[in-house]
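The structure under discussion appears below in the form of structure tokens.
Numbering (the numbering used here), first residue to last: -16 to 150.
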């Protein structure tokens, strides 16, 4: 339990540091894409590098993002409806208040992401890595009930990264 509290505290500090830095100066690279409030349907963004892009309030339906590099992505209140994120790299993404509905997060790496108010409905997470992801207890309950597998890139067990057996 102590390890979880420390992990959550560190994740919060990292998130708030990045959040504050966004007000002080724009740290996103000039080539980052802006999909804020966009609606994307049946788009193939697989294996693309969209790091540091902004998908705040975006709706993605039946899109293919498998194998995409999405490091540091801003996904605040984004909706992922039947989206394939298999093997996607979502490290340090801001997923707060996002919705993943009937989506595929198998083998995805979400290490260090901020996902406190994120909802996961009918989403698969086999082999996903949730190391140091800040999640609410109700989301953890949902995810721990379906957590299986080991992430092929990090070698970490999904249940272990969610700390399911230590709650």
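Glycine is no exception: its CB is placed at the ideal position from the N, C-alpha and C atoms.
Less than 8 angstroms separating the beta-carbons of residue i and residue j?
i           : j           : result
residue 51  : residue 76  : no
residue 91  : residue 103 : no
residue 106 : residue 80  : no
residue 15  : residue 35  : yes
residue 63  : residue 45  : no
residue 33  : residue 53  : yes
residue 149 : residue 119 : no
residue 97  : residue 126 : no
Mind checking residue i: buried by the 16 CB within 10 Å criterion, or exposed?
i           : result
residue 128 : exposed
residue 74  : buried
residue 55  : buried
residue 87  : buried
Which residues in the same chain have their Cβ closer than 6 angstroms to the Cβ of residue i, if we skip the five residues on either side of it in sequence?
i           : result
residue 57  : 37, 39, 77
residue 109 : 89, 131, 132
residue 43  : 23, 63, 66
residue 26  : 46
residue 31  : 51
If I measure Cβ to Cβ from residue i and keep anything under 7 angstroms in the same chain, skipping five residues before and after, which residues do I get?
i           : result
residue 144 : 112, 113, 114
residue 48  : 28, 29, 66, 67, 68, 71
residue 139 : 112, 114, 133
residue 136 : 92
residue 21  : 41
residue 18  : 36, 37, 38, 41
Run through the DSSP bridge pairs and tell me what residue i is partnered with.
i           : result
residue 42  : 22, 62
residue 134 : According to DSSP, which records beta bridges pairwise, residue 134 is partnered with nothing at all.
residue 107 : 87
residue 117 : 97
residue 27  : 47
residue 67  : 47, 87
residue 57  : 37, 77
Please report the residue range of the alpha helix (DSSP H) in which residue i lies.
i           : result
residue 123 : 120 to 129
residue 142 : 141 to 144
On the DSSP letters alone, give me the boundaries of the beta strand (DSSP E) that residue i sits inside.
i           : result
residue 102 : 102 to 104
residue 82  : 82 to 84
Quick check: is the beta carbon of residue i nearer than 8 angstroms to any beta carbon in chain C?
i          : result
residue 35 : Checking the listed chains, one finds no chain C in this structure; it contains a single protein chain.
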